[in-house]
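Data block below; observations after.
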Amino acid sequence: MFKWVKKALRWLAFEHGIAKRLYRRVCQPTSEELGAFLKRHGRFHQVGEHFSLLPGTNIPDPQYVSIGNNVQFSQCSVFAHDGSIAMLNRAYGVKLDRVEKVVFKDNVYVGHQAIILPGVTIGPNAVVAAGAVVSKDVAPGDIVAGVPARVVGRVDQLVDKLTEQTKQLPWADLIEQREGGFDPNMEPELERRRIAHFFGS
């Protein structure tokens, strides 16, 4: 019965945009499914293919956010507005506004608790480290970290380094066979080998 309820909620949410909050709470979609759902019903200016985000990602102004292909958010915050404007208007008797676009080009990863501020363009082929505060554009191929975010590396160098490290892993043969980033059929054996390697048999 519960599977039927989930299936019905998923259908209502995806096809008709109905019961969206209930769908998210009951169905607990994967980051990929949530990305696909928000592509259809998230009010973003644009969303490319293979967008994924973890629940808890905070994007209060999606209509000003453009997302390219293969973009992943890990419980970050993306702001297209300056929250201090209402206070400044009241305190100084002025009428200010600061709303800007935020653009994520293709192949961008934004880490846990990173904060992206208004007017920023990131990528393509860029990584924002966990906890970074990004107030300026991130150039193609850069890895940024820190507060404020600054360049700490290059994505192509990271790929080269991780390629060599992966070849040395005791489970490298499984990684070569794996379909995508997660294969549920292979995961139990991968987990077993990792635990044996990390902690002994």
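Residue numbers (the numbering used here): 33 to 233.
We put the CB at the ideal spot given by N, CA and C, even for glycine.
What residues match up with residue 113 in a beta bridge as DSSP calls it?
Counting from one through the sequence shown, the residue named residue 113 turns up at place 81. Note: residue 113 sits in a beta bridge opposite 131.
May I ask you to verify whether the stretch 90-101 touches the stretch 127-139, counting CB pairs closer than 8 Å and requiring at least 3?
With the cut-off at 8 Å, the stretch 90-101 and the stretch 127-139 touch.
Would residue 175 pass as a contact of residue 166 if the rule is Cβ separation under 8 Å?
Position 143 of the sequence shown, counting from 1, holds the residue named residue 175. Position 134 of the sequence shown, counting from 1, holds the residue named residue 166. No, they are not a contact pair.
Close-in-space but distant-in-sequence residues of the same chain around residue 143 (CB under 8 Å, 5 per side omitted):
Position 111 of the sequence shown, counted from the first residue, corresponds to residue 143. Sequence-distant Cβ neighbours of residue 143 in its own chain, meaning closer than 8 Å and more than five residues away, are 106, 108, 159, 160, 161, 162, 163 and 164.
Cβ-Cβ separation, residue 172 to residue 156 (assumed contact under 8 Å), whole Å
Position 124 of the sequence shown, counted from the start, is the residue given in the question as residue 156. Position 140 of the sequence shown, counted from the start, is the residue given in the question as residue 172. Indeed, because the Cβ distance is near 5 Å, the residues count as touching under 8 Å.
Report all residues from its chain with a CB closer than 7 Å to the CB of residue 210; omit the five preceding and five following residues, and keep chain order.
Within the sequence shown, residue 210 is the residue found at index 178, counting from 1. Only 218 meet the Cβ criterion.
Determine contact between the stretch 67-81 and the stretch 116-130, defined as no fewer than three beta-carbon pairs at a distance below 8 Å.
The stretch 67-81 vs the stretch 116-130: no contact.
Whole-angstrom C-beta distance between residue 114 and residue 150, which should lie under 8 Å
By 1-based counting over the sequence shown, the position of residue 150 is 118. By 1-based counting over the sequence shown, the position of residue 114 is 82. Right, the Cβ-Cβ distance comes to about 6 Å (below 8 Å), so this counts as a contact.
Once you ignore the five residues that flank residue 75 on each side, which residues in its own chain have a CB closer than 8 Å to its CB?
As a working note, residue 75 is residue 43 in the sequence shown. Result list for residue 75: 94 and 95, in chain order.
In three-state terms, what does DSSP make of residue 63?
Position 31 of the sequence shown, counting from 1, holds the residue named residue 63. Assignment of residue 63 by DSSP, reduced to helix, strand and coil, places it in the helix class.
Bounding residues of the beta strand (DSSP E) (the contiguous stretch that carries residue 179)
Taking the sequence shown and counting its residues from 1, one reaches residue 179 at position 147. Note, residue 179: premise wrong, no beta strand (DSSP E); not H, not E.
Can you tell me whether residue 227 is buried or exposed, with buried defined as 16 or more other CB within 10 angstroms of its CB?
As a working mapping, residue 227 is identified with position 195 in the sequence shown. In this structure residue 227 is exposed. Its beta-carbon is surrounded by fewer than 16 other beta-carbon atoms within 10 angstroms.
Sequence-distant residues of its chain with Cβ nearer than 8 Å to residue 72 (five each side left out)
Indexing the sequence shown from 1 puts residue 72 at position 40. Taken in chain order, the residues that qualify are 46 and 49.
For residue 121, which three-state DSSP category applies?
Reading the sequence shown from its first residue, position 89 is the one you call residue 121. Three-state DSSP puts residue 121 in a helix.
Residue 221 to residue 203 span [Cα, whole Å]:
As a first step, residue 221 must be located in the sequence shown, where it is residue number 189. As a first step, residue 203 must be located in the sequence shown, where it is residue number 171. Taking the CA atoms as reference points, residue 221 sits about 9 Å from residue 203.
Taking 7 Å as the cut-off, is the beta-carbon of residue 168 closer than that to any non-hydrogen atom of the ligand NAD?
In the structure shown, the ligand NAD is absent, as is every other ligand, since no ligand is present at all.
Exposed or buried, residue 199, counting other C-beta atoms within 10 Å across all chains shown (16 or more means buried)?
Position 167 of the sequence shown, counted from the first residue, corresponds to residue 199. That one is exposed.
For residue 207, count neighbouring Cβ atoms within 10 angstroms of its own Cβ and tell me buried if that reaches 16, exposed if not.
Position 175 of the sequence shown, counted from the first residue, corresponds to residue 207. Looking at its Cβ environment, which holds fewer than 16 other Cβ atoms inside 10 Å, residue 207 is exposed.
Just grab the DSSP bridge partners of residue 97 for me.
For the purposes of this step, residue 97 is taken as the residue at position 65 of the sequence shown. Under the DSSP definition of a beta bridge, residue 97 partners with 134.
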